[in-house]
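A.B. asks: Residue numbers (our numbering): 385 to 807. Think of the CB as a built atom: it goes at the ideal place given N, C-alpha and C, for glycine as much as any other residue. Before we start, here is the structure in question, set down as structure tokens.
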């Protein structure tokens, strides 16, 4: 069963597996209820399609930040949203009001928190694709305004690095002071790089930019000295639909990102300066020494420090993920390169080696956060093991109850399966 096909792991979406591929492309429901309180979405659309539909309705949903990402995978893994710092993960606290699903025995069921399927409803909040085929998500809507956005660029000097990492850490530790603000801070490395370039998408869910709070460091840099280049931190009203349309253009046929190979990996760390520095320095020092960026066609690497504040975790507490209640970073390593497969093995070996080094150093300083975010994980990472044995047992009970013949475990083998967790 293919949703958006976002996860760049061979056969994760079962696209190249033997057997029958069920594509969700034509399961493309986009419908707002008459009272405006429920948005029904099929598994076929991407998040850009959802926000295009909602653009002039004064409503929004807690969904994906990036337009090309598919709806089902993001939601079944929990899902980070622009609004997650305030509302929690996309699958938390009833934001998914109901799932329409085809169960393993062919039953078409409506799954809600208060129905006879309440155990399955809980499992779908982060348990992945082990349970059912989802044919519709009914999401709770929220009143919306046009948010303020900026894609800020800060340069690549050592002074910029220090100010940037200080501001990123401050954001994770103090984001609860202003829950309308969030960022996607990304350090990038390309073919001609001698140092990372420091960037961040800034988001503010209000009509005027803040004058105090953690986001102001990325706009003005009054405390850390972080200064954006050429006014790029100036925040302007941009709808999520418009932002998504601009992003999707880069993935169209002939555009710079179309057809590239990709690899993700996630490292979850506690929000402290030592852990942040270990990930940053170890990754980029190793990348510079490897010479990959100058050898591999169209090679680019990015490290995104996804902000996890206490409110986000508290709002997500009833999900299967069992996320530790502490500020953290879910660090996404994203690598893309030319469409030829010649360097796949070399890149995979480097990613494995550098992350063994990163995790060893983090363990020495107690810098690891236990939870592994499914949607950014790499093949072989122990996602469900990070949920803890109690959650895994509940997930397995739901799997056994609704799919005793293991249809979605054995006949749809792609992705992480709760039955395979080493717990």
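Distance check for residue 664 and residue 745, CA to CA, integer angstroms please.
C.D. replies: Using only the alpha carbons, I get a separation of about 12 angstroms.
A.B. asks: At the level of alpha carbons, what is the spacing between residue 610 and residue 422?
C.D. replies: Residue 610 and residue 422: Cα-Cα distance of roughly 41 angstroms.
A.B. asks: Look up residue 604 in the DSSP assignment and say whether it is helix, strand or coil.
C.D. replies: Three-state DSSP puts residue 604 in coil, outside helix and strand.
A.B. asks: What is the DSSP secondary structure of residue 423, counted as helix, strand or coil?
C.D. replies: Residue 423: strand per DSSP, three-state reduction.
A.B. asks: Looking at the secondary structure, which residues open and close the beta strand (DSSP E) in which residue 690 lies?
C.D. replies: Start and end: 684 to 692.
A.B. asks: When DSSP builds the beta bridges, which residues end up paired with residue 721?
C.D. replies: The partner list for residue 721 (beta bridge, DSSP) reads 645.
A.B. asks: Can you tell me which of 432, 723, 497 and 667 puts its alpha carbon nearest to the alpha carbon of residue 633?
C.D. replies: That would be 432, whose Cα lies nearest to the Cα of residue 633.
A.B. asks: What residue does the beta strand (DSSP E) around residue 515 start on, and which one ends it?
C.D. replies: That residue, residue 515, is in no beta strand (DSSP E); it is neither H nor E in DSSP.
A.B. asks: Could you compute how far the alpha carbon of residue 452 sits from the alpha carbon of residue 458?
C.D. replies: Using only the alpha carbons, I get a separation of about 11 angstroms.
A.B. asks: With DSSP collapsed to three states, give me the class of residue 710.
C.D. replies: Coil at residue 710, not helix or strand.
A.B. asks: Use the C-beta contact count for residue 749: other C-beta atoms within 10 angstroms, 16 or more gives buried, fewer gives exposed.
C.D. replies: When all chains shown are included, residue 749 counts as exposed.
A.B. asks: Is the stretch 646 to 662 in contact with the stretch 534 to 553, if contact means three or more CB pairs nearer than 8 angstroms?
C.D. replies: In short, these stretches touch, since the Cβ pair count reaches three.
A.B. asks: Determine the closest residue to residue 678 out of 540, 448, 409 and 573, with distance taken between C-alpha atoms.
C.D. replies: Residue 573 is the option with its Cα nearest to residue 678.
A.B. asks: Please determine, among 699, 466, 651 and 725, the residue with the shortest C-alpha to C-alpha distance to residue 628.
C.D. replies: The option with the nearest alpha carbon to residue 628 is 466.
A.B. asks: If you draw a straight line from the alpha carbon of residue 779 to that of residue 494, how long is it in whole angstroms?
C.D. replies: Their Cα atoms are separated by approximately 19 angstroms.
A.B. asks: For residue 805 and residue 617, I'd like the C-alpha separation in whole angstroms.
C.D. replies: Going by the C-alpha atoms only, they are around 43 angstroms apart.
A.B. asks: I want to check one thing, is the minimum distance from the CB of residue 458 to the heavy atoms of the ligand ATP below 7 angstroms?
C.D. replies: In terms of ligand content, the structure shown is empty, and the ligand ATP therefore cannot be addressed.
A.B. asks: Just to confirm the assignment, what range does the beta strand (DSSP E) spanning residue 533 have?
C.D. replies: Note, residue 533: beta strand (DSSP E), 532 to 539.
A.B. asks: Here's the rule: buried if 16 or more other CB atoms are within 10 angstroms of the residue's CB, otherwise exposed. What is residue 681?
C.D. replies: Burial call: exposed.
A.B. asks: From residue 556 to residue 591, what distance separates their C-alpha atoms?
C.D. replies: Going from the Cα of residue 556 to the Cα of residue 591 covers about 23 angstroms.
A.B. asks: Pull up the CB-CB distance for residue 731 and residue 646, whole angstroms please, since I reckon it's below 8 angstroms.
C.D. replies: That belief does not hold up - the Cβ atoms of residue 731 and residue 646 are roughly 10 angstroms apart, past 8 angstroms.
A.B. asks: Would the stretch 697 to 705 and the stretch 509 to 526 be scored as touching if the rule is three or more Cβ pairs under 8 angstroms?
C.D. replies: These segments touch.
A.B. asks: Below 8 angstroms on the Cβ atoms is my guess for residue 653 versus residue 751; work out the distance and round it to an integer in Å.
C.D. replies: 5 angstroms between Cβ atoms; contact.
A.B. asks: Rounded to the nearest angstrom, what separates residue 604 and residue 567 at their Cα positions?
C.D. replies: Looking at the two C-alpha atoms, the distance is approximately 14 angstroms.
A.B. asks: Less than 8 angstroms separating the beta-carbons of residue 525 and residue 470?
C.D. replies: Not closer than 8 angstroms, so no.
A.B. asks: Using only alpha-carbon positions, find the residue among 801, 643, 792 and 478 that is nearest to residue 518.
C.D. replies: Of the listed residues, the one whose Cα sits closest to residue 518 is 792.
A.B. asks: Would DSSP call residue 489 helix, strand or coil?
C.D. replies: Of the three classes helix, strand and coil, the one that applies to residue 489 here is coil, per DSSP.
A.B. asks: Helix, strand or coil for residue 558, going by three-state DSSP, please let me know.
C.D. replies: Residue 558: helix per DSSP, three-state reduction.
A.B. asks: Within 10 angstroms of its Cβ, does residue 596 collect 16 or more other Cβ (buried), or is it exposed?
C.D. replies: Per the 10 Å Cβ criterion, exposed.
A.B. asks: Nearest to residue 739 by CA position, among 413, 606, 669 and 642, is which residue?
C.D. replies: Of the listed residues, the one whose Cα sits closest to residue 739 is 669.
A.B. asks: Restricting to Cα atoms, I'd like to know which of 786, 483, 413 and 486 is closest to residue 425.
C.D. replies: The shortest Cα separation from residue 425 among 786, 483, 413 and 486 belongs to 413.
A.B. asks: Around the C-beta of residue 529, are 16 or more other C-beta atoms found within 10 angstroms, so that it is buried, or is it exposed?
C.D. replies: Exposed, since its Cβ has fewer than 16 Cβ neighbours within 10 Å.
A.B. asks: Tell me, which residues are paired with residue 568 by DSSP?
C.D. replies: Answer is 585, bridged to residue 568.
A.B. asks: Can you say whether residue 767 is buried or exposed, counting buried as having 16 or more other CB atoms within 10 angstroms of its CB?
C.D. replies: Looking at its Cβ environment, which holds 16 or more other Cβ atoms inside 10 Å, residue 767 is buried.
A.B. asks: Which residue from 429, 578, 419 and 505 puts its Cα closest to that of residue 389?
C.D. replies: Nearest of 429, 578, 419 and 505 to residue 389, Cα basis: 429.
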